[in-house]
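Chemist: Residue numbers (the working numbering), protein chains in the order written: chain A, -14 to 432; chain B, 73 to 237; chain C, 4 to 273.
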Amino acid sequence: MIAKLLVANRGEIAVRIIRAAHELGIKTVAVYSEADRQALSVRYADQAVCIGPAPAAESYLFYQNILSAALSSNCDAIHPGYGFLAENPLFAEACRALNIKFVGPHPLAIRKMGDKASAKKVMQHAGVPIVPGSDGIIHTLAEAQTIAETVGYPVVFKASAGGGGKGMRIVNDQRELDGAFAFAANEAQQAFGDSSLYVEKFIADPKHIEIQLLGDKHGHVVHLFERDCSIQRRYQKLLEEAPSPVLNDELRQKMGEAAIMAARAVKYDSVGTVEFIFDQKQRRFYFIEMNTRIQVEHPVTEQITQIDLIKNQILVAAGKKLTLTQDDIRRSGHAIECRINAEDHRNNFQPKTGTISQYIVPGGPGIRVDSGVYPGYTISPYYDSMLAKLIAWGNTRKDAIAGMRRALREFVIEGVTTTIPFHLSLLANEVFLRGTYTTNFIKEFFE
Amino acid sequence: MKFGKFDLDELLALMDRHHVSELSLRRHGQAIEIKKSASAAQHSAAPQPRPAAGEKSVAEPDDPETQPTLLSPEPLEIIGEKFYQVQAPLVGTFYRAPAPDASPFIEVGDQVKVGDTLCIIEAMKNMNEIQIDVNGIIREICVKNGSLVEFGQVLFKIEETSPDS
Amino acid sequence: MLSRLFVTCSQCHTTHFISFLKHSHYVCSKCGYHFRIDAPNRIKKLCDRGSFFELDQGLKSADPLNFPGYQQKIDDAMIATGINEAVITGVATINDIRTALAILEPRFIMASMGSVVGEKITRLVEYATDHMLPAVMIISSGGARMQEGIFSLMQMAKTAAAIKRFHERQLLLVTVLADPTTGGVTASFAMLGDIIIGETKALIGFAGPRVIQQTIGQVLPPGFQTAEFLLEHGMLDMVVSRKNLKAILGSILRTHQQRPYAQGGERHAR
C-alpha cells in the first residue's frame, strides 16, 4: 500500500487528492510554485515543497523538481491530477524508472490514446464505433479529398497530437479543403509541435457524452455510467450532468460496453474517460477520444454512484484488486456541476484576476463544493481561472436543477468577477431545461 | 515587502501603536531592522500611560523640546537582510560533503571566492554542485545535512567581502 | 544504469531525462541550449516518415597525401558512426515537398570537408539541378579537412561552382547552420544559401576566436560568432529554434514551389 503520496498539481484538484489520500491514511506532500505559497493544498498537506517560480513551465511542468521532491521526501507515489503532466507518457515512464508509482494508467496506454489518430485506429480494431474518416494521419491533400468524397461533406480536420479545438477546421465543400488543410496543419504545429492531421465526417449538432471508467492492474474494468458535457464554449466545458437527459438504459448499456471494449483494447488500468459524440437524430454514438486521467467533472459521477473515484484510483495504483463488479455499480438520482470561473461572461469570458474579499459557500442537502480558494486568496494570471466546482444532487433532474439554482444564489464570492450569473441564466434556459442541448448550444444562445 | 506574514505597513503600524522607534526582527531566512528618525517619532507621538509593573516596557517618545529639528524626506531607514543569501536553484537533498565519509566543502567562518563549491544537492540521483557567485565569509549554514531543500530555500548566508580582501 | 537515463545541459546544468530531451528535439527546455545531434537523428526529425532516399552512400575516402594516421582516423570514425563519411545526402519530403537534402555528421572527424564530402555535396546539387528540386543543407563542420590538404580546399571551389549552375536554373537553396559551423565550409557552400538559417545560439564563423583575437589585438565583443550576433550583423536571414525547424523549412519550401523557367516560357508561382 502507498505510504506517502506526492500531489503534482494545484488548486481544487490538489485539495481533492489530498482529501482522498488522508482518508486512506496516506501521508501527503504538496508541491507548489512561488505564486501558490498560500494555497489550500499547501496548508492541508503533511509536507510541502516549493518547486519553482510561478510560470508553469518552471514549476508544475518542471518534472525534474517534482521527481526530485518525491525522491527526497521519500514518496512512493505521485498523483498528477489533470492537465500539466497527467497525460505525459514520458513523465509516467520516468516515475517508473525511479520506482515511484504513477497514479494513472501504464505509459503505453497514455501514448496510444494521446495520439488521436492512432487512438481511432485502436478503437476501430476493437470494434468500437468510430466516426467515419481517415485511417490514421493523412499525408497529402489528395488523400484528404478522397476521404472527404467517400464519407461525404462536411468533414473536419483534427490534430492528432492534441485537442481543445486547436488544429481543427471544418470543411463544407471541396473548395475549402486546401485552405483548411494548411490552416489546421499550421495551427497544430504551433499548439502541439506536430502538424499531423486526420480527417473525419463532421457531425453537426452532436451531444458530447462520455463514459467514466475504472480499471485495476489485474484486468478488471468497470464503467460508472455517463456524463453529458455538451455545454461547452470553445471546447471548454462549463457545466456537466449525470446521467444524460437524452439516453435510455439500452443506449447507456451499449455505450458502457463500448467504453469497456476501448479500455480492454489498451489494457487500461486506472481511472479514465471515453468520449463519444452522440447523434440525437440517428440515436448513434461514435468514439472521439479517450482521456487517460481523472477529469475535472468527476464529482457528478461520484454523486450519482456514491463511489469515490480518487480513492479508488489511488488504491488500484497501489496494486489493489477492484472488488466492485459492474452489477455493484448503481446510480441514483441526478447530479449537475457548474464550473465557477473568475471570468466576465459579458465580455467574452475574459479571465479576471483579483483578491477574494468575501467567500460564503452554499450548503444544504445535496450540495458539494470542490474548491481551492478561500477569503484573501488572490487569483494569479499564471494558471486557469477556476474558482470552484459547485455540484448539486437531487432525486430527479428537476430537483437537481432547483438545488443548483438555490446554491448559486447562496454562493457569495466577492472581490472577483465570477460566472455565477452566467450559470443562473443557463439554468433558466428553455433548451437546457429540456435537456436536448448540443455542443452548439452556447454559441447559439450566449454569443 | 513582507516579513513572514506581516507587510511592511503592518510592522510600521505596530511600531507607531507602541511608540517603538527601533525594531529588529529575525526569523529563519530573513532579518529586518527598522529605525525611525526622531521627526517621525515626534509626528506619531501621542500621550500614553506609563507601563504598569510586569508589562513589557515600551520605548517612550523623546521629548520634542530636546530633539534637533530635522525634517528628512525619508524618515525611515530600513536595513534589510545583512547577508548575501545562497538559495537553492533546484529541489533535492542537501549534502555538505562530496561523499558520505568525506569532509564538508565548507564550514562557518571559511573564506570563499566566486566559483567555489559550497555543497551538493542531489536531484534524481544526480549530484549537482552548488557554486557561489560572490566572495565572502560563510556566516551561517541554514540547512541540516541530508535534508530536503526546496526551490528558493536559503542554504547559506555569506558576508560579502571585496575580491582582494 | 540509472546514469544513462539522464543528461546534464552543459550550459545551465539542468538534468534531463533522455526521453524528455529527445522529445524536445535535444533542446534544453530550461535555457534553450541546442545539444549536438547526429545526422541520422536529424533526418528522422526533419523528413516525413520513411521518405528519405539516400544517394552516393558508398563513397569512401582515400588518403591522397599519405597523411600519417589519416586512414586510421577514417576507420575509427566509420566504426563510431556506422556511416562512410561526414555527410549524408539524398532526397526526401519535408511536409510533403520533395527536396534534395544534405546533412553533415559532426561525429565524423568533426564533419570536416575532404574530397568525399565535397564530391557528395556537388553530386547532390547536380542531382537537384537535373531534377529541378530545391535543396536543403543542415551544416555543422570543423572546416576543410587538413589531412587532404589542397584537395580539401579545392572542394570549396567545386561546391560553389555546382551551386552556381544550380542557381542559374532559379532553384532554391536553404542552408541551416548548426553548432559549430566553421572554416572552409563557412567560406563556401554554407554561405551560398538563398536563405541562410542559423540554429539558436549556434557558433558560426570562419577563423577561431582565439586566432582572431590575437590577430587584431582586440577583445572580442560578447556573443561574437553566435547565430544571434550574425543575424544582427546581416550575415543570416533568421535564427530558428530546432523545435520549429521542420515547420519553417516546410513553409519556405511551400512558398517557393514553382515551375521554373522553361525555355522562353512563363514562370508559375504557387
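All C-beta atoms in this analysis are idealised placements derived from N, C-alpha and C, irrespective of residue type, glycine included.
(1) Quick one: Cα of A:P114 to Cα of A:I273, how far?
(2) Put C:S143 into one of helix, strand or coil per three-state DSSP.
(3) Just checking: is the beta-carbon of B:N207 within a distance shorter than 7 Å of some beta-carbon in chain C?
(4) Starting from A:S215, follow the beta strand (DSSP E) in both directions and report where the run begins and ends.
(5) Taking C:V120 as the reference, give the member of C:Q173, C:I86 and C:H134 with the closest Cα.
(6) Per DSSP, which one or two residues make a beta bridge with A:D355?
(7) I believe A:E211 touches A:P228 by the beta-carbon criterion, under 8 Å. Please report the beta-carbon distance rounded to the nearest angstrom.
(8) So does the stretch 56 to 69 of chain C actually touch the stretch 64 to 74 of chain A, counting three or more Cβ pairs closer than 8 Å?
(9) Taking the continuous alpha helix (DSSP H) assigned at C:F232, which residues delimit it?
(10) For A:D329, write down the residues that DSSP places opposite it in a beta bridge.
(11) Mapping the DSSP letters down to three states, classify C:A83 as helix, strand or coil.
(12) Would you mind reading off the limits of the alpha helix (DSSP H) that contains C:M241?
(13) Specify, as a first and last residue, the run of the beta strand (DSSP E) that A:F270 falls within.
(14) Is the shortest distance between the beta-carbon of C:F23 and the beta-carbons of chain B less than 7 Å?
(15) C:D99 CB to nearest chain A CB: under 7 Å?
(16) Below 8 Å on the Cβ atoms is my contact criterion, and I expect A:K12 with A:A302 to pass it. Report the Cβ-Cβ distance as a whole number of Å.
(17) Near B:E94, what residues of its chain come up, given a Cβ to Cβ distance below 8 Å and the 5 sequence neighbours on each side ignored?
(18) Within its chain, find whatever has a CB closer than 6 Å to the CB of C:F209; leave out the 5 residues flanking it on each side and keep chain order.
(19) Between the Cα of B:G181 and the Cα atoms of B:I230, B:R168 and B:G164, which residue gives the shortest distance?
(20) Which runs of the beta strand (DSSP E), 3 residues or longer, sit entirely within the stretch 204 to 236 of chain B?
(21) Over the uninterrupted beta strand (DSSP E) stretch that includes A:Q221, give me the two end residues.
(22) For B:E82, which residues in chain E fall below 7 Å Cβ to Cβ?
(23) Could you give the C-beta distance for A:L224 and A:E322, rounded to a whole number, given that I count them as a contact under 8 Å?
(24) Counting only C-beta atoms, is B:A87 closer than 7 Å to chain C at any point?
(25) Within the continuous beta strand (DSSP E) that includes C:L180, where are the two ends?
(26) Is the CB of C:F9 under 7 Å away from at least one CB in chain B?
(27) Could you tell me how far apart the beta carbons of A:G379 and A:A387 are, in whole angstroms, since I believe they sit closer than 8 Å?
(28) Using DSSP with H/G/I as helix, E/B as strand and the rest coil, what is A:L198?
(29) Rounded to whole angstroms, what is the Cα-Cα separation between C:E151 and C:T18?
(30) With distances taken from CA atoms, which of C:L24, C:E108, C:M241 and C:K33 is nearest C:C15?
(31) If you draw a straight line from the C-alpha of A:I3 to the C-alpha of A:V354, how long is it?
(32) Assuming C:E202 and C:R168 make a contact with CB atoms under 8 Å, what is their CB distance in whole Å?
(33) Would A:Y209 pass as an interface residue toward chain C - the criterion being a Cβ-Cβ separation below 7 Å?
(34) How is C:T189 classed by DSSP in three states: helix, strand or coil?
(35) Please classify A:N59: is it buried, with 16 or more other beta-carbons within 10 angstroms of its beta-carbon, or exposed?
(36) Opposite A:K(-11) in the DSSP bridges: which residues?
Modeler: Reading from the atomic positions:
(1) Distance between the alpha carbons of A:P114 and A:I273 is about 9 Å.
(2) Here C:S143 sits in strand by DSSP.
(3) At least 7 Å separates the CB of B:N207 from every CB of chain C.
(4) DSSP places A:S215 in the uninterrupted beta strand (DSSP E) bounded by V206 to R218.
(5) Nearest C-alpha to C:V120: C:I86.
(6) Answer is A:K374.
(7) With 8 Å as the limit, A:E211 and A:P228 qualify as a contact, their Cβ atoms being about 6 Å apart.
(8) Under the three-pair Cβ rule at 8 Å, the stretch 56 to 69 of chain C does not count as touching the stretch 64 to 74 of chain A.
(9) Under the DSSP assignment, C:F232 falls in the alpha helix (DSSP H) whose first and last residues are A230 to E235.
(10) Residue pairing by DSSP places A:D329 opposite A:Q335 in a beta bridge.
(11) Three-state DSSP puts C:A83 in a helix.
(12) Here C:M241 belongs to no alpha helix (DSSP H); instead the beta strand (DSSP E) covers M241 to V243.
(13) Start and end: R269 to N276.
(14) Not closer than 7 Å to any Cβ of chain B, the Cβ of C:F23 fails to qualify, so no.
(15) At least one chain A Cβ lies under 7 Å of C:D99.
(16) Contact flag wrong, Cβ pair sits at about 15 Å.
(17) Counting only Cβ-Cβ distances below 8 Å, and skipping sequence neighbours, we find E105, I106, K107, K108 and A131.
(18) Excluding the 5 residues flanking it on each side, C:F209 has same chain C-beta neighbours closer than 6 Å at T189 and A190, in chain order.
(19) Residue B:I230 is the option with its Cα nearest to B:G181.
(20) Correct list: 208 to 213 and 226 to 232.
(21) Counting along the chain, the beta strand (DSSP E) containing A:Q221 begins and ends at Q221 to A227.
(22) Of the chains in the structure shown, none is chain E; the protein chains are A, B and C.
(23) Contact annotation, A:L224 with A:E322: C-beta distance approximately 7 Å; criterion of less than 8 Å satisfied.
(24) The identity of residue 87 of chain B in the sequence shown is Met, whereas the question assumes Ala. By this cut-off, B:M87 is not an interface position.
(25) Residues L176 to T184.
(26) It does: the Cβ of C:F9 has a partner Cβ on chain B nearer than 7 Å.
(27) About 7 Å separates the two Cβ atoms, so the contact holds.
(28) In the structure shown, A:L198 sits in a strand (DSSP, three-state: E or B).
(29) The alpha-carbon atoms of C:E151 and C:T18 are separated by roughly 40 Å.
(30) The alpha carbon of C:C15 has as its nearest neighbour, out of C:L24, C:E108, C:M241 and C:K33, the alpha carbon of C:K33.
(31) When rounded, the distance between both Cα atoms is 15 Å.
(32) Actually they are not in contact, since the Cβ atoms of C:E202 and C:R168 sit about 28 Å apart, beyond 8 Å.
(33) It should be noted that the sequence gives Leu, not Tyr, for residue 209 of chain A. With 7 Å as the cut-off, A:L209 does not count as an interface residue toward chain C.
(34) In this structure, DSSP gives C:T189 a helical state, which the three-state scheme calls helix.
(35) By the neighbour-count rule (16 or more Cβ atoms within 10 Å), A:N59 is not buried but exposed.
(36) Residue pairing for A:K(-11): DSSP places it in a beta bridge opposite A:K12.
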